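Novice: Take a look at the following structure, please.
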Amino acid sequence: MILLPESRIEFRNSLPRSARLRGDVVFRYIWKFGLYQREGALGLRAVFFPIALSEPPVKVAFSVRKKVFRKAARRHRVRRLLREAHRHLYPEWEAGLGTAEAWLLWSWESASMPSLNELFPLMRNLYERAYRRWKGSLFF
């Protein structure tokens with residue numbers, strides 16, 4: 787069980803610039819080679835590398851399509867919730883990676899607004915499935 791802050795003021799909705807995925811080439815790479823997992827309305831495209839070339843070892847981006855939520859305020863709200871859930875789960879993922887690196891693209895694909903408590907188990911399950919699938923594909 788993840789402990790949530792008592793007040794909304796304690797939420798930090800941003801990530802360090804070094805932890806964000808940026809650039810057209812990076813996103814094309816993720817779409818082409820990423821392992822896709824989906825559970826409910828949450829989708830994950832993950833690319834793992836056996837050796838971390840940069841810090842931090844987990845880089846992330848969040849996506850909510852305009853077709854899902856027409857109003858930008860609602861799309862931004864979902865992205866903030868995804869970011870906050872990721873921020874809470876990041877330490878256990880970083881510890882489990884060892885010397886590897888991961889690029890994660892989280893996407894919300896439902897017109898219903900998620901709650902933070904429902905995102906935690908979804909994100910944890912999707913990440914673990916993608917990581918196990920990648921580990922099983924290694925041949926060295």
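Numbering-wise, the sequence shown is residues 787 to 926 according to the numbering used here.
Note that CB positions come from ideal geometry on N, CA and C, so glycine has one too.
Remember, it's a predicted structure, so these values are computed and weren't measured experimentally.
Would you call F848 buried or exposed, if buried means 16 or more other Cβ atoms sit within 10 Å of its Cβ?
Specialist: Along the sequence shown, one-based indexing puts residue 848 at 62. The residue is buried, with at least 16 neighbouring Cβ atoms inside 10 Å.
Novice: From R919 to R866, what does the alpha carbon distance come to, in whole angstroms?
Specialist: Counting from 1 along the sequence shown, the entry for residue 919 is found at position 133. Counting from 1 along the sequence shown, the entry for residue 866 is found at position 80. R919 and R866: Cα-Cα distance of roughly 28 Å.
Novice: Would the segment 884 to 896 count as touching the segment 832 to 848 if we require 3 or more Cβ pairs under 8 Å?
Specialist: At 8 Å Cβ cutoff, the stretches touch.
Novice: Pick out the complete beta strand (DSSP E) segments inside the segment 850 to 906, 3 residues or longer, and give them in chain order.
Specialist: List check, beta strand (DSSP E) in window: 887 to 894.
Novice: Rounded to whole angstroms, what's the CA-CA distance from A805 to W817? Just pull it up for me.
Specialist: What you label residue 805 is simply residue 19 of the sequence shown in a count that begins at 1. What you label residue 817 is simply residue 31 of the sequence shown in a count that begins at 1. Straight-line Cα distance between these residues: approximately 19 Å.
Novice: For A916, which residues of its own chain have a beta-carbon under 7 Å away from its beta-carbon, when the five flanking residues on both sides are left out?
Specialist: In the sequence shown, residue 916 corresponds to position 130, counting from 1. The answer, listed in chain order, is L821, Q823, L830, A832.
Novice: Where G884 and L801 are concerned, what is the direct C-alpha to C-alpha distance, given to the nearest angstrom?
Specialist: As a working mapping, residue 884 is identified with position 98 in the sequence shown. As a working mapping, residue 801 is identified with position 15 in the sequence shown. Taking the straight line joining both Cα atoms gives about 21 Å.
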